[in-house]
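Student:
Residue numbers (the numbering used here): 4 to 198.
1. Can you tell which of 120, 157, 80 and 141 has its C-alpha closest to the C-alpha of residue 95?
2. For residue 64, count neighbouring C-beta atoms within 10 Å of its own C-beta (all shown protein chains included) and say buried if the count is 16 or more, exposed if not.
3. Along the chain, where does the beta strand (DSSP E) containing residue 49 start, and where does it finish?
4. Do you know how far the Cα of residue 187 is from the Cα of residue 175?
5. With DSSP as the reference, identify every bridge partner of residue 165, one or two as the case may be.
6. Comparing C-alpha positions only, which one of 184, 42 and 173 sits nearest to residue 155?
7. Taking the C-alpha atoms as reference points, what is the distance between residue 74 and residue 102?
8. Using a 10 Å radius around the Cβ and a threshold of 16 neighbouring Cβ atoms, would you call residue 229 buried or exposed?
9. Have a look at residue 121 and residue 130 and give me their C-alpha separation to the nearest angstrom.
10. Does the ligand GTP have a heavy atom nearer than 7 Å to the CB of residue 98?
11. Leaving out five residues before and five after residue 195 in sequence, what residues of the same chain have Cβ atoms less than 7 Å from its Cβ?
12. So, for residue 162: in the same chain, excluding its five sequence neighbours on each side, which residues have a beta-carbon less than 7 Å away from its beta-carbon?
13. So what does residue 187 bridge to, in DSSP terms?
14. Whole angstroms is fine: what's the gap from residue 180's alpha carbon to residue 98's?
15. Tell me the residue span of the beta strand (DSSP E) that contains residue 67.
16. Counting only the same chain and skipping the five closest in sequence on each side, list residues whose C-beta sits under 8 Å from that of residue 15.
17. Closest to residue 125 by C-alpha separation, out of 27, 83 and 160, would be which residue?
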């Protein structure tokens, strides 16, 4: 928990000096295709959802910071076994924005495990105590913001940390995401609208 609070504090400190520039807020939701890379046999793609909010902070005409708070359904499946991992994810992204609304984005992400279940056949058990409470990943993505405030977004979240508490095995998250978002309009210095 101390590690989580330290990262959140650092994110706020980084965002603070630039928040006075131009900050807009938004909502987003979409589809996950998640898998688990393991030291044994990998667990293949499992569909899930993600939903949450964002803050978009302009620091120059072409660069922005975008912290988010997302609830994300992840995991993987193999044969008749399904692993369901639900996270509260906190990405802190840097964005390059082209003039036409196209965006490239990348940055670190902290995941806080909210729920974990393993289902084999009709039997489902809680496995949260067997897994790490936090997960670190790196986000790569691109998006497009239309003039009306709606946008589309695609990402790959590359898990960097082992989510299994067992030192003899390694399990890492891999998540493809596609979604839509709405960024509420705002004005920057001088009253000029930012895209």
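Cβ atoms here follow ideal geometry from the backbone N, Cα and C, with glycine treated the same way.
Tutor: So, from the listed chains and residues:
1. To locate residue 95, count along the chain shown from 1; it is residue 92. Comparing Cα-Cα distances from residue 95 to each of 120, 157, 80 and 141, the minimum goes to 141.
2. Position 61 of the chain shown holds residue 64. Under this definition residue 64 is an exposed residue.
3. For this step, residue 49 is matched to residue 46 along the chain shown. Residue 49 -> beta strand (DSSP E) spans 46-61.
4. As a working mapping, residue 175 is identified with position 172 in the chain shown. As a working mapping, residue 187 is identified with position 184 in the chain shown. Roughly 35 Å separates the two Cα atoms.
5. On the chain shown, residue 165 is found 162 positions in, with the first residue counted as 1. In DSSP, residue 165 forms no bridge with anything.
6. As a first step, residue 155 is located in the chain shown; it is residue number 152 there, counting from the start. Residue 155 has its Cα closest to that of 184, out of 184, 42 and 173.
7. Here residue 74 refers to the residue found at position 71 when the chain shown is read from its first residue. Here residue 102 refers to the residue found at position 99 when the chain shown is read from its first residue. Each residue's Cα considered, the two are about 30 Å apart.
8. Residue 229 falls outside the range modelled here, since the chain spans only 4 to 198, and no answer is possible.
9. Reading the chain shown from its first residue, position 118 is the one you call residue 121. Reading the chain shown from its first residue, position 127 is the one you call residue 130. Spanning the alpha carbons of residue 121 and residue 130 requires a straight line of approximately 6 Å.
10. Among the ligands in the structure shown, none appear at all, so the ligand GTP cannot be discussed.
11. Residue mapping note: residue 195 aligns to position 192 of the chain shown, counting from 1. Legend: pLDDT at residue 195 = 37, less than 50; position of this residue unreliable, no value from coordinates given.
12. Counting from one through the chain shown, the residue named residue 162 turns up at place 159. Taken in chain order, the residues that qualify are 138, 140, 175, 176 and 177.
13. To locate residue 187, count along the chain shown from 1; it is residue 184. None, per the DSSP bridge assignment.
14. For the purposes of this step, residue 180 is taken as residue 177 along the chain shown, with counting starting at 1. For the purposes of this step, residue 98 is taken as residue 95 along the chain shown, with counting starting at 1. Cα-Cα distance, rounded: 17 Å.
15. Reading the chain shown from its first residue, position 64 is the one you call residue 67. First-last of the beta strand (DSSP E) with residue 67: 66-81.
16. To locate residue 15, count along the chain shown from 1; it is residue 12. Because the pLDDT at residue 15 is just 49, under 50, the model does not fix this residue reliably, and the point stays unresolved.
17. Taking the chain shown and counting its residues from 1, the one referred to as residue 125 is at position 122. Cα-wise, what sits closest to residue 125 is 83.
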